[in-house]
Amino acid sequence: MMETIRAAFVIARRDFTAIIFSKSFFFFLLGPLFPVLVAIAAGGLGKQVNQDIGRPDFGVAMSTEESRQLVAAHIGLSKSLGDFANLVQLPDENPADTDFASRLNDAADKPLTLIISGTLDNPRITGPPGDLNRWKGRIGLLVQMAQARPTPVDVELDIVTSTGGATKRDRLITAQGGQAILILLTMILAGMVLSNLVEEKTNKIIEILAAAIPMDAIFLGKLFAMLAMALVGITVWASLGFIAIWSLGGQLSNLPVPAVGWPLFGILMIFYFSMAYLLLGSLFLGIGAMATTVREVQTLSMPVTMGQLLVFFIAFSSITKLGEPIEWFATIFPFSSPFAMIARAAQMDNVWQHGLALLWQGMFTLIIIRFSVMLFRRNVMKSGNSGRKRSLLARFRR
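Numbering-wise, the numbering used here comes out as the position in the sequence shown, counting from 1, plus 1242.
Right under this line is the structure:
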């Protein structure tokens, strides 16, 4: 085991040094500019997620009759303005104490953005300042339609620091952003493992290495060398991004805080990118083991690329479905697990689940590497059953 690790380190150091000090590495650092432009142009893919995030839940803490009138007015208003919110019936309570919003949030099945209370004659909305300014106009119009008044209604505003709904939306935005970054980086960087292996197969370098070093060590070394190169590139891009944000006067403190906090979220981003890269890279190594030419690589990698897009769509669509079957599938399936788990890190504060997920992803990576090594030995080194049959046939002819 130690010999394999030492050999893998030698291969990793060789590949890493050759790539970092090459002239093409500079152009590699410029590569993300084009996918970023494509990602901005294709921003409509997150429309459904944005709708789930942007459609708030309003709690209604009024009498039964007034709540019925408000719901009827909401149905009528939605026909002209669109269904802009969900109305959730809550107990009719006195909002005199400061814990009014938190108690009604606990009584609701889901986090609420605002709470509409009081009466239709004297309506009151409770929520954070940003949400009050955004929705007070429509709520006033809603109360006006419920009363069939010809004149606007004055709505009393009760400002609180935050609500569960606002925190939920902020964390969903962070989950969406973290997942998009992981997907974009994986798409840019993972394919380089395949091109590196095919190039060395064409030059017969890989066969020379295989004669002196175990194939497991070669594959592990190549994977981690490419991962180290990718992390160097990410460090450069992140540094340039922070400099650009600082130069333009942006403030990172205004970003929505994930459930686990920014320091741990940043660490998990690195770990989950590494696991996503290793999983996809080990799969590409298996494809490279079966292919002998660049044309064969393109043919064999096409199903993997389509499957990769499907995995991304599953993980992306599960952001707003925390705890549902599709989200559990995205969490357990190894290739979508890193993306689904980073979304969980933004929305859930329990840390132990990430340790289990990283362990599961690491085990599956080793399984794929072992399978890729078997394919390489069978197709390149001519070992296995076919190799033994040819050897026996040659002996028989002698």
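Cβ coordinates follow ideal geometry from the N, Cα and C atoms, glycine included.
| Query | Result |
| --- | --- |
| Per DSSP, the bridge partner or partners of D1363 | Paired residue(s): none; D1363 is not in a bridge. |
| Contact set for A1642: own chain, Cβ-Cβ below 8 Å, skip 5 residues either direction | What the structure shows of the chain is the stretch from 1243 to 1640, and residue 1642 is not part of that stretch, so it cannot be assessed. |
| Three-way DSSP call (helix, strand, coil) for L1327 in this model | First, the amino acid is wrong: residue 1327 is Ala here, not Leu. Residue state, collapsed to three classes: coil. |
| Check whether F1581 and L1424 have beta carbons under 8 Å apart | yes |
| Beta-carbon contacts of G1463 that lie in its chain and below 6 Å, excluding the five residues immediately before and after | A1250, I1253 and A1254 |
| Endpoints, the alpha helix (DSSP H) within which D1458 is located | M1457 to S1489 |
| Cβ neighbour criterion (16 or more within 10 Å) applied to I1430 | buried |
| Residue(s) in a DSSP beta bridge with L1356 | F1300 |
| Beta-carbon proximity check, G1372 vs R1366, cutoff 8 Å | no |
| First through last residue of the beta strand (DSSP E) which encompasses I1401 | E1398 to I1401 |
| Alpha helix (DSSP H) segment containing K1378, residue limits | P1371 to Q1389 |
| Limits of the alpha helix (DSSP H) - the one that F1258 falls within | M1244 to I1262 |
| Buried versus exposed call for G1475 [16 or more other C-beta atoms within 10 Å across all chains shown] | buried |
| Limits of the alpha helix (DSSP H) - the one that S1579 falls within | S1579 to Q1589 |
| Nearest to P1545 (by Cα), restricted to the options L1323, A1388 and L1522 | L1522 |
| Extent of the continuous alpha helix (DSSP H) run through T1573 | P1567 to I1574 |
| Cβ-based burial, G1483 [other Cβ within 10 Å; buried from 16] | exposed |
| Proximity of V1645 and V1397 at Cβ, strictly below 8 Å | Absent from the structure is residue 1645, since the part of the chain shown begins at 1243 and ends at 1640. |
| Cβ neighbour criterion (16 or more within 10 Å) applied to R1537 | exposed |
| When M1532, I1357, N1375 and V1385 are compared against N1364, the one with the closest alpha-carbon | V1385 |
| L1332 versus A1303: straight-line alpha-carbon distance, rounded | 5 Å |
| Nearest residue (CA-CA) to V1499, options F1571, L1473 and T1416 | T1416 |
| Minimum C-alpha distance to L1510 - residue among Q1421, I1561 and L1329 | Q1421 |
| Per DSSP, the bridge partner or partners of T1368 | I1357 and D1400 |
| Option nearest T1246 by Cα separation, candidates F1461, S1614, F1268 and M1590 | F1461 |
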